[in-house]
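Data block below; observations after.
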Amino acid sequence: MIDKEVTDAAAAVADVPDGATLMIGGFGPPGQPVHLIEALLELGTTDLTVINNNAGAGGEAISQLFAARRVRKVICSFPKAIGSTVFDELYLAGEIELELIPQGTLAERIRAAGAGIGGFYTRTGYGTELAEGKEVRELDGKHYVFERPLAADFALIKAHSADPMGNLVYRKTARNFGPVMATAARTTIAEVDHVVPVGALDPEAIVTPGIYVDRFIRSVPAAARKEASS
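Each residue of the sequence shown is one higher than the last, beginning at 1108 in the numbering used here.
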């Protein structure tokens, strides 16, 4: 039987190269794969394009990637208020790029990539700077903006429980961008709180089937894992 659990967070992200496009789950802290992000920091991977709901507030793990100058571009819905985050300072200094996407459009572009859809029309953003350079079409007397799917090389996501085959169950608001990101990346790496035997998860409760998950780790810092095994 396939067992997709990786015991070392560093090994889980070891193949993420410089210049990769990376989806990171999380609606703020809920659903953010903290230990995978920390392992990526230790690895030293740089020149990343990060797709995330927001650009991080003080104390969030994802903000550490910005502070360490590892990110070239951010694609998000909420860059936060000017002057309140590390990202703001980098952006105002011209040291990081930003592509701003309305939240619903961001989720749907990611979902479209996972579903194999070549694009879709939405009324969101019509008549604003966000629609500049994009195809606009009138349908039933209303104007729509054409949006393309958004895919990534890797997705780092957080779930509540997994079985060895990588089937995932989420907990409350941590079930945000993780499910769609898992389908839209070439390689999906999950961080989970609990690992249960195959068959222990209610099939009706599984949100992300294991076919979308390449590997996962338990949500325990590397130092704690080493101490427990010694």
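The C-beta atom is built at its ideal place from N, Cα and C for all residues, glycine as well. As the structure is a computational prediction, the values presented were derived from the model and not from experiment.
Answer yes if the stretch 1173-1181 comes into contact with the stretch 1280-1297, meaning at least three C-beta pairs across the two stretches below 8 Å, and no otherwise. no
inquiry  = Quick check on DSSP: helix, strand or coil for Arg1255?
reply    = coil
message: So for Ile1189, helix, strand or coil by DSSP?
response: Its pLDDT being 48, under 50, Ile1189 is placed unreliably in this model, and the value from its coordinates should be taken loosely. Correct three-state label for Ile1189: coil.
*For Ile1208, which option in Leu1257, Leu1246, Val1243, Arg1179 has the closest C-alpha, if you only look at C-alpha atoms?*
Leu1257
- Query: Is the stretch 1212-1228 close to the stretch 1247-1256, with three or more CB pairs under 8 Å?
  - Reply: yes
Which whole runs of the beta strand (DSSP E) in the stretch 1193-1229 are 3 residues long or more, in chain order? 1204-1207, 1227-1229
Which one of Asn1283, Asp1122, Lys1249 has the shortest CA to CA distance from Leu1213? Asn1283
| Where does Ile1318 sit, in a helix, a strand or coil, going by DSSP? | helix
Practice task
Using a threshold of 8 Å, state whether the C-beta atoms of Gln1210 and Ile1169 are closer than that.
Solution key: no
Exercise for the section: Can you say whether Pro1310 is buried or exposed, counting buried as having 16 or more other CB atoms within 10 angstroms of its CB? Expected result: exposed
* To do: Within the same chain, show all residues whose beta-carbon is closer than 7 Å to that of Val1276, passing over the 5 residues directly before and after it, in chain order.
  => Ala1266, His1267, Ser1268, Leu1308, Ala1312, Ile1313, Val1314
| query | By the 10 Å Cβ neighbour count, where 16 or more other Cβ atoms means buried, how is Val1305 classified, buried or exposed? | reply | exposed
**Request:** Go ahead and label Ile1182 buried or exposed: buried means 16 or more other beta carbons lie within 10 angstroms of its beta carbon, across all protein chains shown.
**Result:** buried
If we count the other Cβ atoms within 10 Å of its Cβ and call it buried at 16 or more, is His1250 buried or exposed?
exposed
Is the closest heavy atom of the ligand FMN to the C-beta of Met1130 under 7 Å? By its list of ligands, the structure shown contains no ligand whatsoever, and the ligand FMN lies outside what it can speak to.
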